[in-house]
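In this note's numbering, the protein residues as written are 314 to 1284. Just so you know, even glycine gets a beta-carbon here, dropped at the ideal spot from N, CA and C. Worksheet: one structure, shown below.
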């Protein structure tokens, strides 16, 4: 009626012909229906791009068919406009991929959601419960950790190794089937996105924890995948393709592999994240990244082959927390090259503005960023509001709220209603940050994204007032051609510059090029060439020969050629003089480094005084040539202000007092400031280490010992190694034969060739423990009383009410076991320094008597040493420690394990018998083996009686007659 009303109004009161009127009406209707329809379609597409989604995410853990349907209804009623469903491979196909497949759960959920007007996202989970592996893959084809244990995690889920292609192919087939089955949602514009996840926590990437074979959930440990046989073998083959020569790999990795077949993947079992330390570790990360990317790109291709319009989203646990290195997701920008967006699963403890800035900054325009909220009953409401608001505020296209029961929906109903009203109908608009910061992937791998990016981000984003979006650029330096320049052939370098040679005119001249002129770091020098010789010279069998009748200097170019065709150059001069000259030309003592300097900044470099030496005279002058116009050389110092980038070879000649000279050269490279290489720096100091005489010693350098602000540590070497000690794979090992002190110098090189040194003190000694006696109690009350020596006698009147003993050693121990015997007995294990007999506020009362403390120290479950320390607590003096005790004095009461009785002087415990009596009258004899007498004090060891707390009596009899009856209390 709208259109009829509009047409009636248009013709009202007008005297036009009926035919003309009809034609005009038809034209108007055509215009009315055609133009607005095109505009609506375009507007709908634009609205779709701007539409936000607040989605219910169903993990679909329940086995009941329609358990989640009520959850969907409640989510819709509370205002959610979408639902993300998890489709399980092992629930659709339990026993065989050839079964009909049970799609009913997903079908029913999609049917209900679309009927309710909710858009749908589909998460395809290709992990499998270990109970449903037969006919798909075996546990041996699962991803494995560094212990070679197959992945097994919560709910007994695992996933295949990305290297096991039959499993990958089956997963691909399932992904294709899911996509084909539900592609109608895309055609009906009801599908938001599809993702493929593989880890037990329903994420894309490598898992980062594992449960040992036969273990339970509480035995879970941090781990690293994939160390399956195929993966490790593939790593070796990949390394061979990259490095070509094992010597080059060893040079850059700091390893000593004999062949590529021996190459294995690095691992630090105690801190898996540190497995990526150095170039070896970086390569392991890159290799895992490439394998993951290949797998993910394959999943993307199969989905796009069904319908190119389907949005594919990478779902990661995180891309910026400490575990992201283990997950293999730090380089998420490259992983998302062919995806339509990135989704992460934030924890409530994260700064969500920060995490959203990172993923949004590294996601191209037109692609989506998403986040996930996880329901936990312990979280306060404000944390949910904060995460939802900050994610939507900072560019989230979709936020998925993980809730698995109707009770979860009810608990969160208020949050859902308020958040839906606030955000669902607010169009998604582009965010344009004004400030920029960045971080390197290599640095994030060593230190974590938080450490390398968050402080700068916080200064820009949260510096007072309302938070501001910041562009946080991820520089994936590990995936660049620049990274692999180090793996290219290094040509020979000039090791020993050639001094000039002086020959007499008209006399035969010969000079054999020393074999040490050139060296090659990653191969060998196979030949020497001397091109462009003048007619009077020839080069034969490594020797330059000839005769000249003309006085003067001839400059000779010499080339060293390596086994890959790389060439290094050297220059020297032959001087034809009037006579034989015994003068020895200068030589180069210290070669010059390659200098990397900044463009448009002042530069200066002073030649080292020790650079040149003359054995039979003195250095009188130094000249430089080949310099660019911006560079000067005066008084042994280069100065300049470069205005353009480039690389320059500077020649330097040092003359002696007879004008003989030696020539060498070095390189100055001028770069933009962002490409300048800063040297590495020391992140921590090394403690003094101790080794035992005639016992194996091993010590691995801490992975965070060195850091590099603009690159990574590529090589570590050690100087001053004793003959018994070796250093390989950043670990010292060897067996010392005598006591000694060593001062080693550890040098760390970065990927730009700069280095830093730090000393390492190693003492070879016999291990020992020392002991301190402390007043026990609260930390504020604790204080050292004295060092405790063997046979020490402590006067009870000078001691506090509670004592503790600390042990210290000259070696690192993982554990010290204590056993205290005497008037008081106690056993304990200390696993952290300082090693204390009692933990926290515990201690023992200073009961009079003789004690023996036995301390047994272990390192990595190996016994290091056992020390026995006898001492006494006296109520008299060192000769009679019980002198001040009265006869029949008994203590402690209450007792724990030992009860002590002071016997009268001149009596012996053997003349008495001891009996423990319960309150019910039961008598338990105390055997003589349980009674020990020191200084007239009888110690009754009641440990084996397994007494429950309560009141008891101890009868002391002589020849069957009662002598004393003690009423005692067991704690």
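- Between residue 1087 and residue 1073, the CB-CB gap reaches or exceeds 7 Å.
- Boundaries of the alpha helix (DSSP H) harbouring residue 794: 794 to 797, taken from the DSSP string.
- In this structure, residue 1184 sits near residue 1105, with a CB-CB distance shorter than 7 Å.
- Rounded to whole angstroms, the separation of the alpha carbons of residue 653 and residue 710 is 12 Å.
- Taking residue 588 as the centre and dropping the five residues before and after it, the same chain places the C-beta of 537, 579, 580, 581 and 594 closer than 6 Å to its C-beta, in chain order.
- According to the DSSP assignment, residue 1236 belongs to the beta strand (DSSP E) that extends over 1236 to 1239.
- In the DSSP secondary-structure assignment, residue 1072 is bridged to 1058.
- Contact between the segment 412 to 427 and the segment 388 to 400 is present: 3 or more CB-CB pairs across the two stretches fall below 8 Å.
- One thing to note: residue 1089 has its Cβ no nearer than 7 Å to the Cβ of residue 1108.
- Only buried fits residue 1225, as 16 or more other CB atoms lie within 10 angstroms of its CB.
- Here residue 683 is bridged, per DSSP, to 656 and 711.
- DSSP places residue 555 within a helical segment (H, G or I) once states are collapsed to three.
- Given a length threshold of 3 residues, each whole run of the beta strand (DSSP E) inside the segment 814 to 890 is given here in chain order: 814 to 817, 821 to 825, 838 to 842, 850 to 853, 856 to 860, 865 to 875 and 880 to 890.
- It is roughly 34 Å from the alpha-carbon of residue 1274 to the alpha-carbon of residue 1190.
- Pairwise C-beta distances place the segment 933 to 942 out of contact with the segment 1003 to 1014, as fewer than three of them are shorter than 8 Å.
- For the 7 Å CB-CB criterion, residue 1160 and residue 1207 do not form a contact.
- Closest in alpha carbon position to residue 991, among 521, 999, 1026 and 838, is 1026.
- About 14 Å separates the Cβ atoms of residue 405 and residue 509, ruling out a contact at the 8 Å cut-off.
- With a threshold of 16 other beta carbon atoms within 10 Å, residue 1008 falls short and is exposed.
- In the three-state DSSP reduction, residue 768 falls in the helix class (H, G or I).
- Taken atom to atom, the span from the alpha-carbon of residue 1188 to that of residue 1135 is near 15 Å.
- Among the bridge pairs identified by DSSP, residue 1176 is matched with 1171.
- With contact defined as three or more Cβ pairs closer than 8 Å, the segment 526 to 545 and the segment 796 to 815 are not in contact.
- The continuous beta strand (DSSP E) containing residue 1004 extends over residues 1002 to 1005.
- About 6 Å separates the Cβ atoms of residue 472 and residue 512, confirming a contact at the 8 Å cut-off.
- Beta-bridge partners of residue 1039 (DSSP): 1046.
- DSSP, read as helix, strand or coil, puts residue 960 in strand.
- Residue 452 holds the alpha-carbon nearest to the alpha-carbon of residue 480 among 880, 503, 1196 and 452.
- Assignment of residue 1213 by DSSP, reduced to helix, strand and coil, places it in the strand class.
- In this structure, residue 430 lies away from residue 730, with their beta-carbon atoms at least 7 Å apart.
- Counting C-beta pairs with one atom in each stretch, the segment 642 to 650 and the segment 487 to 502 have fewer than three that are closer than 8 Å, which means they do not touch.
- Distance from the CA of residue 572 to the CA of residue 1149, rounded to the nearest whole angstrom, comes to 49 Å.
- Using a Cβ distance threshold of 7 Å, residue 657 and residue 684 count as a contacting pair.
- Contact check for residue 441 against residue 403 passes: the beta carbons are separated by less than 7 Å.
- Beta-bridge analysis with DSSP links residue 914 to no other residue.
- Here the alpha carbon of residue 1047 sits roughly 21 Å from the alpha carbon of residue 1028.
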